[in-house]
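I have placed the structure first, in the form of structure tokens, so that the comments after it can refer back to it.
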Amino acid sequence: MLEIRNLHAKVGEQEILRGIDLEVRAGEVHAIMGPNGSGKSTLANVLAGREGYEVTAGSVLYQGENLLELAPEERARRGIFLAFQYPVEIPGISNTYFLKAALNAIRKSRGLPELDAIEFLQLVREKAKLVEMDEALLNRAVNEGFSGGEKKRNEILQMAVLEPKLAILDETDSGLDIDALKIVARGVNSLRDKERAVILVTHYQRLLDYIVPDRVHVLFEGRIARSGGKELALELEREGYAGIDERGAERELKEREVCGR
Amino acid sequence: MTYRMLDPSAHYRSCFGLVPPDDGWLERIRREALERFAESGFPTTRQEDWKYTNTAPLAKIPFRMPSQAPESDVKALLAAYPLLAPGDAAIVFVNGRYRADLSNAAHAQERAVVSSFRAARQDGHRGLVAEHLTRYASYTARPFVALNTAFVTDGALVSIPEQATIERPIHLIFLTEPGAEPIFCQPRALILAGAGSRASVLEHHLGEGDGEYFSNSVSEIALGDRAQLDHFHVARPGARAFHVSTVQARQGRESVLRSYSLSLGGRLVRNDLDTVLAEEGAQCALSGLYLAAGSQHVDNHTTIEHAAPNSTSEELYSGVLGGRATGVFNGKVIVRPEAQKTSARQKNRNLLLSNDAAVNSKPQLEIFADDVRCTHAATVGRIDEDALFYLRSRGVAIAAARQLLIRAFASEITSGIQEREVKAALTEVVSEILSSDEWVEER
């Protein structure tokens with residue numbers, strides 16, 4: 000579904016991503032971990048198409064298509080969804096209006112009929128239940144005056160309504176208490192099937208107790224320093240990121256060459 | 000079209016001569032006003048209040064008194080006008096002339112007077128006009144009020160009896176449609192809200208077609224003690240129209256004026272809105288929305304005079320400016336020495352859609368009392384790039400996303416409207432204007 004090859008990206012003059020290689024297949028959940036500043040959020044934003052991130056080398060193929068050439072809205076219409084680390088407040092646009100505009104834009108681009116107000120309301124209510132979101136928040140302006148947890152839950156609601164093929168969660172777990180974390184996990188798990196993939200960008204292992212990943216990658220200084228199964232996350236939890244350094248990254252690369260991967 | 004320079008005083012004096020003389024008191028006032036205008040002429044940019052609005056193009060054009068009815072089917076236009084519900088009381092002036100056939104004066108409820116000045120004279124309400132006209136809007140101090148007053152032969156009168164609550168909005172419609180020649184109109188309104196009354200009055204200043212015209216309106220508003228009035232000034236002038244308006248209000252004890260001023264087009268728009276919180280506990284909330292694109296110019300000058308203790312004012316004006324449009328907001332707040340415990344809050348927000356659009360925003364506080372709370376804030380910004388990306392990342396195309404954000408910005412004003420139907424209709428009108436390409440495409 001997603002093939003990232005030797006991806007380099009700059010923010011301003013600073014090179015943040017320095018050769019990312021990652022393959023995500025349909026049905027998989029990948030966790031991307033790593034210390035602050037390792038490039039996790041940059042990767043998420045580059046995949047979603049945010050301005051201000053300049054790709055200097057490498058390629059990203061999404062369902063066989065050059066993702067980097069697509070405008071953010073075109074990526075969304077093809078099924079990519081980014082749950083924002085810092086969801087944006089938009090005064091003057093109600094949550095439901097926003098979601099309906101988004102869903103219908105996506106449906107229209109796929110040649111599907113747009114949902115009318117009643118159909119949409121049914122759908123959004125059902126999804127709001129899933130993420131235990133107070134219906135009053137649906138009629139409020141997008142994220143305006145929402146608590147941190149409500150904003151994150153709203154991201155998961157959007158994801159649940161838009162049903163993306165590739166969901167990228169950028170530190171959705173940060174700042175959440177355990178109950179909110181479980182709700183987020185429920186939202187993600189309900190989306191899991193063999194057609195879809197999820198990339199979880201997270202700083203902590205905690206979320207992975209509830210969303211069990213197929214693969215875990217550790218990002219360090221703009222490269223994937225280690226990859227492994229779900230047990231890698233537990234190891235990081237025990238030992239921290241101290242063991243992941245430049246040498247480790249080189250060793251990992253060598254091992255991979257030896258293994259012929 | 001180019002015009003030779005003309006002497007505005009001589010031009011309007013000659014037009015004055017074409018108006019059949021009226022009886023005593025009004026004729027005297029009209030002549031006085033004409034002389035005042037002849038002395039002052041149009042204001043110039045050397046005057047502080049007109050620094051950013053150049054009236055020279057207005058002075059150059061020999062606007063004529065309208066002599067003919069418009070070509071459009073006005074009845075059909077009004078039937079399609081989204082703000083007007085069938086059956087609502089409405090006074091309609093077309094090209095300066097009262098149109099009884101299009102008006103709906105009989106539907107005013109609760110003994111409210113909704114009438115033309117002339118009809119009021121026959122219906123025995125003549126005293127109201129004579130008593131109040133020119134009492135609130137000074138033709139000695141303001142050239143545009145003087146010019147309007149010089150041509151007052153008729154107008155729209157609304158008088159709400161004491162303690163009456165009028166549920167349905169009352170409409171005053173001034174429609175202008177020039178033919179081949181540029182014309183001028185001088186709309187005049189007198190709105191009297193009796194003590195303890197509640198009502199909504201909507202003034203609509205509409206232009207039809209793309210001919211040149213000059214509309215110079217004056218509205219005088221008096222609120223009795225504890226009266227509550229929602230007043231709307233909806234200006235949707237033609238693309239080549241000059242729209243100048245003056246609204247002057249006086250508020251009695253604990254009265255509440257909610258004012259909504261919407262400037263939605265025209266080549267040059269200048270609105271002066273003044274209210275005097277004359278007696279203790281009076282409150283006003285002034286909201287304004289101005290949209291300008293292309294080479295339009297829109298100027299809002301407001302003055303809130305706190306003249307008595309415990310008076311409160313809240314003001315929010317928002318502007319959306321695209322293309323090479325220019326905007327002006329000047330918000331003056333005067334607090335007289337006796338107006339202790341005044342609370343005054345003022346905010347002006349501007350959204351610029353292009354590098355060539357510009358706005359001059361100026362708060363002007365003149366405070367002569369010591370126990371007051373006055374705040375003001377002015378912002379000038381662009382479309383929020385984070386919000387734009389957020390919308391796009393959810394599948395909304397860039398043009399639609401921009402439009403959504405512009406409409407959201409404008410909705411801060413319309414969402415504050417209390418009457419549900421008026422709010423819905425005005426929100427729709429604003430959305431429709433903002434959906435035109437000139438607002439969306441540029442970056």
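Sequence order for the protein chains is A and B.
So for the first sequence, numbering that gives the first Met the number 0 puts the first residue at 0; every next one is plus one.
So for the second sequence, numbering that gives the first Met the number 0 puts the first residue at 0; every next one is plus one.
Cβ coordinates follow ideal geometry from the N, Cα and C atoms, glycine included.
6 Å Cβ shell around residue i - same chain, five flanking residues per side excluded
i                      : result
residue 59 of chain A  : 3, 66 and 67
residue 328 of chain B : 299, 316, 347 and 360
residue 313 of chain B : 284 and 344
residue 287 of chain B : 260, 299 and 316
residue 251 of chain B : 222, 223, 224 and 278
residue 425 of chain B : 413
residue 236 of chain B : 206, 242, 264 and 265
residue 221 of chain A : 15, 16, 17 and 38
residue 168 of chain A : 82 and 199
Under 8 Å from the C-beta of residue i: neighbouring residues of chain B
i                      : result
residue 50 of chain A  : 384 and 388
residue 81 of chain A  : 392
residue 76 of chain A  : 394
residue 161 of chain A : 393 and 394
residue 43 of chain A  : Per Cβ cutoff of 8 Å: no residues; residue 43 of chain A is ~11 Å from chain B at best.
Buried versus exposed, by CB contacts within 10 Å (16 or more), residue i
i                      : result
residue 241 of chain B : buried
residue 71 of chain B  : exposed
residue 220 of chain B : buried
residue 188 of chain A : exposed
residue 142 of chain A : buried
residue 187 of chain B : buried
residue 89 of chain A  : buried
residue 111 of chain A : exposed
residue 367 of chain B : exposed
residue 140 of chain B : exposed
residue 126 of chain B : exposed
residue 177 of chain A : exposed
residue 153 of chain B : buried
residue 100 of chain A : buried
Beta-carbon separation (whole angstroms), residue i vs residue j, contact threshold 8 Å
i                      : j                      : result
residue 191 of chain A : residue 197 of chain A : 7 Å
residue 231 of chain B : residue 202 of chain B : 6 Å
residue 200 of chain B : residue 227 of chain B : With 8 Å as the limit, residue 200 of chain B and residue 227 of chain B do not qualify as a contact, their Cβ atoms being about 12 Å apart.
residue 65 of chain B  : residue 95 of chain B  : 5 Å
Chain-order list of residues whose beta-carbon lies under 7 Å from that of residue i (same chain, five-residue window excluded)
i                      : result
residue 27 of chain A  : 196, 213 and 214
residue 180 of chain B : 63
residue 362 of chain B : 330, 345, 375 and 377
residue 28 of chain B  : 133 and 148
residue 0 of chain B   : Any reading at residue 0 of chain B needs caution, since the residue's pLDDT is 49, under 50, leaving its predicted position unreliable; the model's value is listed next. Closer than 7 Å at the Cβ level, and outside the excluded window around residue 0 of chain B, lies no residue.
residue 73 of chain B  : 93, 101 and 174
residue 308 of chain B : 279, 337, 338, 339 and 340
residue 430 of chain B : 406
Chain-ordered chain B contacts of residue i [CB-CB under 9 Å]
i                      : result
residue 212 of chain A : Under the 9 Å cutoff, chain B gives no residues; its nearest Cβ is about 23 Å from residue 212 of chain A.
residue 109 of chain A : By Cβ distance, chain B contributes nothing, its closest Cβ being about 10 Å from residue 109 of chain A, past 9 Å.
residue 84 of chain A  : The premise fails here: residue 84 of chain A is roughly 12 Å from chain B at the closest Cβ pair, so nothing lies under 9 Å.
Listed by chain order, chain A residues near residue i by CB distance under 7 Å
i                      : result
residue 429 of chain B : None at all; the shortest Cβ gap to chain A is about 12 Å.
residue 410 of chain B : 91
residue 407 of chain B : 89, 90, 91 and 92
residue 315 of chain B : Per Cβ cutoff of 7 Å: no residues; residue 315 of chain B is ~13 Å from chain A at best.
residue 350 of chain B : Those within 7 Å of residue 350 of chain B in chain A number zero; the least Cβ separation is about 11 Å.
residue 263 of chain B : Ordered by position in chain A, no residue passes the 7 Å Cβ test against residue 263 of chain B, which lies about 18 Å from the chain.
Close-in-space but distant-in-sequence residues of the same chain around residue i (CB under 8 Å, 5 per side omitted)
i                      : result
residue 391 of chain B : 397 and 400
residue 81 of chain B  : 424, 427 and 428
residue 77 of chain A  : 61, 62, 64, 69 and 164
residue 161 of chain B : 193, 194, 195, 196 and 223
residue 402 of chain B : 433, 434, 438 and 439
residue 443 of chain B : Residue 443 of chain B lies beyond the range of chain B shown here (0 to 442); nothing can be said about it.
residue 226 of chain A : 214, 215, 216, 217 and 251
Cross-chain neighbours of residue i in chain A, by beta carbon under 9 Å
i                      : result
residue 397 of chain B : 70, 71 and 72
Residues that residue i contacts on chain B, provided the C-beta gap is smaller than 7 Å
i                      : result
residue 101 of chain A : 393, 394 and 395
residue 157 of chain A : 393
residue 47 of chain A  : 392
- Query: Taking only runs of the beta strand (DSSP E) that begin and end inside the stretch 142–218 of chain A, which ones reach a length of at least 3 residues, in chain order?
  - Reply: Runs found: 165–169 and 196–200.
- Minimum length 3: unbroken beta strand (DSSP E) runs contained in the stretch 96–123 of chain B: 112–115
- Write down every uninterrupted run of the alpha helix (DSSP H) in the stretch 122–198 of chain B whose length is 4 residues or greater and which is fully enclosed by it, in chain order. 125–131 and 142–149
- Message: As an exercise, report each continuous alpha helix (DSSP H) stretch of at least 4 residues that is fully enclosed by the stretch 263–316 of chain B, in chain order.
- Response: DSSP runs (the alpha helix (DSSP H)) wholly in the stretch 263–316 of chain B: none.
- Task: Return the chain-ordered ranges of every alpha helix (DSSP H) run that is complete within the stretch 66–153 of chain A and spans a minimum of 4 residues.
- Result: Secondary structure within the stretch 66–153 of chain A: the alpha helix (DSSP H) runs of 4 or more consecutive residues, fully enclosed, are 71–76, 94–108 and 116–129 (chain order).
- Query: Considering only residues of the stretch 353–405 of chain B, which uninterrupted alpha helix (DSSP H) runs meet the minimum length of 4 residues and lie entirely inside it, listed in chain order?
  - Reply: 384–391
- In the stretch 210–251 of chain B, which residue ranges form an unbroken beta strand (DSSP E) of at least 3 residues, counting only runs that do not cross its ends? 212–222, 227–235 and 240–250
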